[in-house]
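My numbering applies: residue 16 is where the sequence shown begins, and numbers increase by one.
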Amino acid sequence: MGAVNNVRTKILLDTGANVSAVTESFAKELRLKRLANADLKIDVQGIGKSKVETTTRAMVKVTLGWEIVYEFEVWIMDHHAGVDVILGTDFMIPAGIRLDLFNSKAKLPDEIEINLIKSASAREDTEYGNTICGGPTETMDVASRLTAEFKLLRRPPDEATHELWVRRVNKLVPTVKFTTNGRPSRVLLTNTGEKPGSCPAHFPVVQWVPHEVLPLTEGYVRVDSTKYRDWQVLA
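The following block contains the structure:
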């Protein structure tokens, strides 16, 4: 549960949606101030019986649980998600929200947790049980400005089902190396600090996470993200 402009309502946190939206009827109920721009239009598939398009947005105040409040711009459109409000990844990722589907909780910044409501028709989610980690088999000590490496699984999860995420280990910057056929094969850890650095044995530097699921812990980025590319400048 949550609230929009102080009106309590069910909110769908949808990792499969890259836009956030409220229904037309809910927008009228809240008397939202609409921001229409004919030059800015989106076409959305998957949340309606057919393709949905809109040019209308509104700034709203979103409250999750009872404590965390965000101001965010959402689209106004009729959809068939069964709730009045959908919050997609355009909201969740910048807001730092992580979904723990195994325990049916949403983890907010400052480790605040709110319970998720599972619909009666929802399937049992076991995605987090399918998350696969990769890291060094023994502790790696890396001197300043030098690089060490460890190998990844010879048969990593299929990219059709899983996505590769990676994280830094303090001053150790990871660089994922791929084979000629595109398979991730090893990770270089470059010490960008002035002092020796260390990566503990079995530390999960990389994670293969099922699509539409976010890593449980903070600090991970996708290997195709801008943040990862920024790290490579340091390495």
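From the three backbone atoms N, C-alpha and C, an ideal C-beta is built for every residue, glycine too.
Note that the stretch 186 to 193 touches the stretch 206 to 223; at least 3 beta-carbon pairs, one per stretch, sit closer than 8 Å. When only Cα atoms are considered, residue 195 and residue 238 end up about 17 Å apart.
Three or more Cβ pairs closer than 8 Å define a contact, and the stretch 153 to 164 falls short of that threshold against the stretch 221 to 240. With a minimum length of 3 residues, the unbroken runs of beta strand (DSSP E) contained wholly in the stretch 155 to 235 fall at 155 to 157, 162 to 166, 177 to 182, 187 to 193, 199 to 206, 212 to 214, 221 to 225. In terms of CA proximity to residue 155, 218 leads the group 218, 94, 75.
Between the alpha carbons of residue 107 and residue 215 lies a distance of about 30 Å. Here residue 226 is exposed. Its C-beta has fewer than 16 other C-beta atoms within 10 Å. Scanning its chain for C-beta atoms nearer than 8 Å, with the 5 sequence neighbours on each side dropped, one finds around residue 75 the residues 19, 20, 37, 45, 47, 86, 87, 88, 89, in chain order. According to the DSSP assignment, residue 18 belongs to the beta strand (DSSP E) that extends over 17 to 19.
Here the alpha carbons of residue 224 and residue 175 stand approximately 11 Å from one another. The three-state secondary structure of residue 245, taken from DSSP, is helix. The bridge partners DSSP lists for residue 108 come to none. The three-state secondary structure of residue 43, taken from DSSP, is helix. Pairing residue 49 with residue 101 gives a Cβ-Cβ distance that is not under 8 Å. Ranked by Cα distance from residue 33, the options 104, 201, 146, 70 are led by 104. In this structure, residue 190 lies near residue 250, with their beta-carbon atoms less than 8 Å apart. Pairing residue 221 with residue 157 gives a Cβ-Cβ distance that is not under 8 Å. Closest option to residue 211, judged by alpha-carbon separation, among 160, 200, 244: 160.
For the pair residue 31 and residue 79, the CB atoms are not nearer than the 8 Å cut-off. Residue pairing by DSSP places residue 22 opposite 19 in a beta bridge.
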